[in-house]
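Take a look at the structure below.
There are 2 protein chains.
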Amino acid sequence: MSDLVTRLRRHNWRITPQRRVIAETLEGSHVHFTADEILERACERMPELSRATVYNTLNEMVALGEVLELAFDGRSKRYDPNADHAHHHLICEGCGLMKDVHAVGDPIEWLPGDERHGFAVTRAAITYRGRCPDCQDAA
Amino acid sequence: MSDLVTRLRRHNWRITPQRRVIAETLEGSHVHFTADEILERACERMPELSRATVYNTLNEMVALGEVLELAFDGRSKRYDPNADHAHHHLICEGCGLMKDVHAVGDPIEWLPGDERHGFAVTRAAITYRGRCPDCQDAA
DNA sequence: TCTTTGTTTAGACATAGTCTAAGCTAGGAT
DNA sequence: ATCCTAGCTTAGACTATGTCTAAACAAAGA
Ligand SMILES: [Mn+2]
Ligand SMILES: [Mn+2]
Ligand SMILES: [Zn+2]
Ligand SMILES: [Zn+2]
Numbered sequence: 001m002s003d004l005v006t007r008l009r010r011h012n013w014r015i016t017p018q019r020r021v022i023a024e025t026l027e028g029s030h031v032h033f034t035a036d037e038i039l040e041r042a043c044e045r046m047p048e049l050s051r052a053t054v055y056n057t058l059n060e061m062v063a064l065g066e067v068l069e070l071a072f073d074g075r076s077k078r079y080d081p082n083a084d085h086a087h088h089h090l091i092c093e094g095c096g097l098m099k100d101v102h103a104v105g106d107p108i109e110w111l112p113g114d115e116r117h118g119f120a121v122t123r124a125a126i127t128y129r130g131r132c133p134d135c136q137d138a139a
Numbered sequence: 001m002s003d004l005v006t007r008l009r010r011h012n013w014r015i016t017p018q019r020r021v022i023a024e025t026l027e028g029s030h031v032h033f034t035a036d037e038i039l040e041r042a043c044e045r046m047p048e049l050s051r052a053t054v055y056n057t058l059n060e061m062v063a064l065g066e067v068l069e070l071a072f073d074g075r076s077k078r079y080d081p082n083a084d085h086a087h088h089h090l091i092c093e094g095c096g097l098m099k100d101v102h103a104v105g106d107p108i109e110w111l112p113g114d115e116r117h118g119f120a121v122t123r124a125a126i127t128y129r130g131r132c133p134d135c136q137d138a139a
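Heads up: the sequence lines are chains A and B, in that order. Every letter in the first sequence is one number past the one before it in the numbering used here, and letter 32, counting from 1, is 32. Every letter in the second sequence is one number past the one before it in the numbering used here, and letter 96, counting from 1, is 96.
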């Protein structure tokens, strides 16, 4: 797994101290933080970091294609550093736990031509929902 | 006459004038309005209708399982009366046009057991993205 | 050094949605 | 019919999330 800072550097994008802290906060597997969670964690290392810079930086990383912006619940967006590794998501309806998952095959192939309404279809994302092991026990 | 109103009545749910206007505003295929769009359209027939009632009513219809709440873009939620016909969505990245689509097979079957992280997986929704005929021409 | 360009910041602003408290309405009991 | 009660509707306050602005700041290049 190539780290996010390394991938960002390839875009001639200035890695300022603020941007580095934000990018490093986003490292890892199954990481899907909200902007506020990122701000809170990044502020542990750089307390003067501003909310505007977190939003600016996240939006730029999304525009560069190195971070995915996820909007599943209509509350706050979540940011996923795993943009170089196509995957889908599995979400617990009890506690919100979110996991990266990989389905077999390409969902675009499961959409027949007569269901495409003339669109040029380029991407497909699957959202799986269910209950995680902890929430099954609690049920 | 009104399919959604008929379905709602089965839940012993009082169909007030306000609720009827909101439900009838939601009738149709490929209907995915925001709460504000529903308020605006419903107010054409009942000008004194309040924003709070629109939100209350939509949330109750979602809780009854007769309307789907969609959150694709992190902006406003959209409401889909087509809850009795399982389907997925195809969204134009140019103009936001959204169509109901039907894929072949069940996406849950395409998620291997070793990708389920111990979850009991109950639902799967596919979001297809591309460009609609108009936006392909405009490109 | 000076200049230019891009970055960061606080706070104002915008939007979407929820909550509260009061008034209203419908239906059941008397 | 009148009263009572539970539920419904309403305006507006409030919260949460995110964007915008203008000024200060920082870095690279001449
Ligand atoms: Mn992910
Ligand atoms: Mn739909
Ligand atoms: Zn859970
Ligand atoms: Zn389009």
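For every residue, glycine included, the Cβ atom is placed at its ideal position computed from N, Cα and C. None of the values given here were measured: they were computed from a predicted structure.
Give every residue of the same chain whose Cβ lies closer than 7 Å to the Cβ of residue i, excluding the five residues on either side of it in the sequence, and list them in chain order.
i: B:Cys135; result: Cys92, Gly94, Cys95
i: B:Arg78; result: His32, Phe33, Thr34, Leu70
i: A:Pro107; result: Ala124, Ile126
i: B:Thr16; result: none
Take residue i and list the residues in its own chain whose beta-carbon comes closer than 8 Å to its own, dropping the five residues that flank it on each side.
i: A:Val54; result: Ile22, Ala35, Ile38, Leu39, Ala42
Any beta carbon of chain A sitting closer than 8 Å to that of residue i?
i: B:Gly113; result: no
i: B:His85; result: no
i: B:Cys132; result: yes
i: B:Leu90; result: yes
Give the single residue among the options whose Cα lies nearest to the Cα of residue i.
i: A:Leu171; options: A:Glu60, A:Asp137, A:Pro81, A:Pro133; result: Residue numbering for chain A in the displayed model covers 1 to 139; residue 171 of chain A lies beyond these limits and cannot be assessed.
i: B:Leu8; options: B:Ala138, B:Asp84, B:Glu48; result: B:Asp84
i: B:Cys132; options: A:Pro133, A:Cys132, A:Glu115; result: A:Glu115
i: B:Asp73; options: B:Asn56, B:Leu97, B:Leu58, B:Ala63; result: B:Leu97
i: A:Leu111; options: B:Ala120, B:Gly105, B:Ala52; result: B:Gly105
i: A:Thr122; options: B:Thr122, B:Val121, B:Tyr128; result: B:Tyr128
So, helix, strand or coil for residue i, using DSSP?
i: A:Asp84; result: coil
i: B:Val121; result: strand
i: B:Arg14; result: coil
i: B:Leu58; result: helix
i: B:Glu69; result: strand
i: B:Val31; result: coil
i: A:Asp3; result: coil
i: A:Val101; result: strand
i: B:Leu90; result: strand
i: B:Arg78; result: strand
i: A:Gly130; result: strand
Quick check: the Cα distance between residue i and residue j, rounded to an integer number of angstroms?
i: B:His117; j: B:Glu48; result: 50 Å
i: A:Gln18; j: A:Glu60; result: 13 Å
i: B:Thr25; j: A:Gly130; result: 31 Å
i: B:His87; j: B:Phe119; result: 23 Å
i: A:Arg14; j: A:Gly28; result: 22 Å
i: B:Arg75; j: A:Gly65; result: 20 Å
i: A:Arg10; j: A:Asp137; result: 46 Å
Suppose the cutoff is 6 Å on Cβ atoms and the five residues either side in sequence are ignored; what does the same chain contact list for residue i look like?
i: B:Leu68; result: Asp80, Ala83
i: B:Lys99; result: His30, Leu90
Return no unless some Cβ of chain B is closer than 8 Å to the Cβ of residue i.
i: A:Ile126; result: yes
i: A:Leu26; result: no
i: A:Met1; result: Low confidence applies to A:Met1: its pLDDT is 44, below 50, so where it sits in the model is not reliable, and the reading given next is rough at best. For A:Met1, the answer is no, since every Cβ of chain B falls outside 8 Å of its Cβ.
i: A:Gly105; result: yes
i: A:Gly94; result: no
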